[in-house]
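Numbering (this note's numbering), first residue to last: 96 to 487. Take a look at the structure set out below.
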């Protein structure tokens with residue numbers, strides 16, 4: 096397959112700052128709703144365009160996503176006119192650095208047909224996805240006709256070659272088209288690169304190796320479901336990409352810390368109380384925060400028949416949540432939580448899980464498998480709204 100990494104044929108680059116709250120499009124639903132509830136956040140902002148059914152007005156009127164999309168389309172037209180300028184036939188070298196790592200890469204379009212083709216694909220998912228989230232995101236992409244955020248794709252091998260090629264292009268490009276610092280202290284810079292030998296060379300390097308979907312599995316799947324012509328993506332190998340922890344939160348069950356411990360012990364697990372326990376950094380244990388109490392749960396060692404590497408998230412969801420507590424890991428009583436985030440309202444317990452080592456992610460990927468949903472949290476991520484891509 097040739098030509099699967101493509102320029103952005105028509106798009107818009109932000110003139111100054113992305114309009115609206117500095118909350119990523121794919122943050123937890125309660126965080127999006129809270130951000131949109133702030134004064135002025137629900138009108139004329141990119142987040143409101145991305146989540147039109149989660150604005151206070153839409154919630155009050157009981158609007159579904161499809162019912163709210165026409166207003167979102169009109170709002171997007173106004174946003175583009177006021178806060179963006181048009182670009183044609185470009186790729187965008189991109190740099191982001193901050194407290195959670197650094198990445199140098201190429202913002203461009205990727206052909207959805209290059210994803211997961213009979214095991215011979217150029218781009219492969221790393222995680223399982225939630226079908227309802229894919230359907231929602233597909234509806235937004237189709238309804239807006241515009242990609243407002245980029246998936247993060249990482250070369251499986253020889254990533255340093257891509258990093259060097261992008262840095263060479265940046266050195267020749269002069270001042271960036273966009274330079275901004277987000278609320279977490281990350282600096283984002285975007286350059287625009289039109290047709291020519293430099294662009295040809297950097298696109299060839301970006302397409303030279305298979306890629307894994309490090310962040311944006313739902314976006315990539317949504318583009319395929321919506322039968323779109325392209326996926327907006329940042330192809331990057333770092334050099335300072337990190338994998339953060341992805342926890343699980345229990346809500347709405349009414350269980351006390353003692354009841355949780357008893358249920359886990361009944362499944363043969365070792366549970367102890369340790370008020371000084373810190374979040375795990377290596378697989379094998381789970382630290383549970385329940386109010387002012389802290390429990391430590393030792394996960395059982397892999398059996399002779401377990402596939403390796405074993406991922407703690409699978410054990411937590413199947414043993415601690417489904418079997419011991421009789422809860423659906425995908426149901427309303429269980430939420431996913433990136434490390435460092437507010438667990439939100441009504442939290443009963445936070446199950447802190449160690450970050451998945453990159454070597455384990457690559458091993459699972461090489462074997463043709465997928466990680467459990469919401470188990471890897473690659474950082475830093477490209478910022479939503481710096482560069483929009485027309486999908487019409």
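The beta carbon of each residue, even a glycine, is placed where N, CA and C say it ideally should be. Only a predicted model underlies this, so the values are computations on that prediction, with no experimental measurement involved.
| Check | Outcome |
| --- | --- |
| As assigned by DSSP and simplified to three states, the class of residue 281 | coil |
| Chain D contact for residue 432 (CB, 8 Å cutoff) | In the structure shown, chain D cannot be found, because there is only a single protein chain. |
| Residues of its chain near residue 383, where Cβ-Cβ distance is below 8 Å and the 5 sequence neighbours each way are ignored | 352, 355, 389, 390, 391, 392, 444, 445, 446 and 447 |
| Cα-Cα separation between residue 450 and residue 340, rounded to whole angstroms | 4 Å |
| Any non-hydrogen atom of the ligand NAD within 7 Å of residue 259 CB | Judged by which ligands are present, the structure shown has none, so any question about the ligand NAD falls away. |
| When 369, 426, 247 and 279 are compared against residue 471, the one with the closest alpha-carbon | 247 |
| Whole runs of the alpha helix (DSSP H) within the region 385 to 410, excluding any shorter than 4 residues | 407 to 410 |
| For residue 207, three-class secondary structure by DSSP | helix |
| Three-way DSSP call (helix, strand, coil) for residue 145 in this model | helix |
| Whole-angstrom distance between residue 293 and residue 179, CA atom to CA atom | 26 Å |
| Exposure label - residue 270; buried when at least 16 CB within 10 Å | exposed |
| For residue 161, the nearest candidate out of 171, 148, 152 and 169 (CA to CA) | 148 |
| Residue interval of the beta strand (DSSP E) (run including residue 193) | 187 to 193 |
| Enclosing alpha helix (DSSP H) for residue 354 [first to last residue] | 352 to 361 |
| Pairwise C-alpha distance: residue 128 and residue 167 | 16 Å |
| C-beta contact flag for residue 261 and residue 201 at 8 Å | yes |
| Outcome for residue 327 when other beta-carbon atoms lying within 10 angstroms are tallied against a minimum of 16 | buried |
| Per-residue burial, residue 278 [other beta carbons within 10 Å of its own, 16 or more giving buried] | exposed |
| Inside the region 434 to 482 only - beta strand (DSSP E) runs reaching at least 3 residues | 442 to 448 and 472 to 474 |
| Backbone secondary structure at residue 219 - three-state DSSP | strand |
| 8 Å CB neighbourhood of residue 192 in its chain, flanking five on each side removed | 198, 281, 282, 335 and 475 |
| Span separating the alpha-carbon of residue 368 from that of residue 123 | 30 Å |
| DSSP state of residue 375 mapped onto helix, strand, coil | coil |
| Pairwise C-alpha distance: residue 227 and residue 143 | 20 Å |
| Minimum C-alpha distance to residue 173 - residue among 184, 140 and 156 | 140 |
| For residue 250, three-class secondary structure by DSSP | strand |
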